[in-house]
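> In the UniProt record's numbering, the protein residues as written are 1 to 146. Note that beta-carbon positions come from the ideal geometry of N, C-alpha and C, so glycine has one too. One structure, as structure tokens, below. Some questions next.
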């Protein structure tokens, strides 16, 4: 039987930018996964911003939380749906009130795991929902730099 040899992934020579929150990492993962399903090949270090992980690392963290019983199938449904529509549940909407609690619980659990792995560095996280502020986006906005 031959011995399997594992080689560490080469570190990028560019500056690595951790995510500001689990929410930001989750939305990035969902965009990358959507691009994969549509046929794109996700290559590490190909985007404008170098991240400290692969999209699969975020997925694996969520699945470990599920296996540990921290997250339920209902949590995963909420993460999937709101990840695909790229927004958080709105607690002001009566139809989404229960989903907001599941979302927040999942994000808190995921954030603890991602911080311990150096994927998230807690800092001021820009909200996606600023009704009073106009935000102009620039640069490479494609998922995973594809």
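What three-state label does DSSP hand residue 37 in the structure shown?
Helix.
> For residue 82, collect the residues of the same chain with a Cβ closer than 8 Å to its Cβ; drop the 5 residues on either side in sequence, then sort them by chain order.
Contacts found: 88, 89, 99, 103.
> To the nearest angstrom, report how far apart residue 52 and residue 71 are at their CA atoms.
Roughly 24 Å separates the two Cα atoms.
> Would you list the one or two residues that DSSP bridges to residue 16?
Per DSSP, 50.
> Measure the Cβ-Cβ separation of residue 18 and residue 118 and say whether it is below 8 Å.
Against a cut-off of 8 Å, the Cβ pair of residue 118 and residue 18 comes out as a contact.
> Determine, for residue 57, whether the minimum Cβ-Cβ distance to residues of chain B falls below 8 Å.
Structure shown: chain B not included; a single protein chain is present.
> Going along the chain, which residues of its own chain have a beta-carbon closer than 7 Å to the beta-carbon of residue 29, five neighbours each way excluded?
So the qualifying residues of the chain are 55, 58, 59.
> Exposed or buried, residue 25, counting other C-beta atoms within 10 Å across all chains shown (16 or more means buried)?
The residue is buried, with at least 16 neighbouring Cβ atoms inside 10 Å.
> Work out the CA separation of residue 94 and residue 37 for me, nearest whole Å.
Cα to Cα, the separation comes out at about 32 Å.
> Roughly how many angstroms lie between the CA atoms of residue 41 and residue 80, to the nearest whole one?
Their backbone Cα atoms lie some 21 Å apart in a straight line.
> Leaving out five residues on either side along the sequence, give the residues of the same chain with a beta carbon under 6 Å from the beta carbon of residue 125.
Note on residue 125: pLDDT 48, under 50, position unreliable in the model; the coordinate value appears next. Here the set comprises 20, 21.
> Suppose you measure from the CA of residue 111 to the CA of residue 120; what does that come to, to the nearest Å?
Spanning the two alpha carbons is a distance of roughly 7 Å.
> If you draw a straight line from the C-alpha of residue 91 to the C-alpha of residue 13, how long is it?
The alpha-carbon atoms of residue 91 and residue 13 are separated by roughly 42 Å.
> Taking residue 93 as part of the alpha helix (DSSP H), name the residues at either end of that continuous run.
That residue, residue 93, is in no alpha helix (DSSP H); it is neither H nor E in DSSP.
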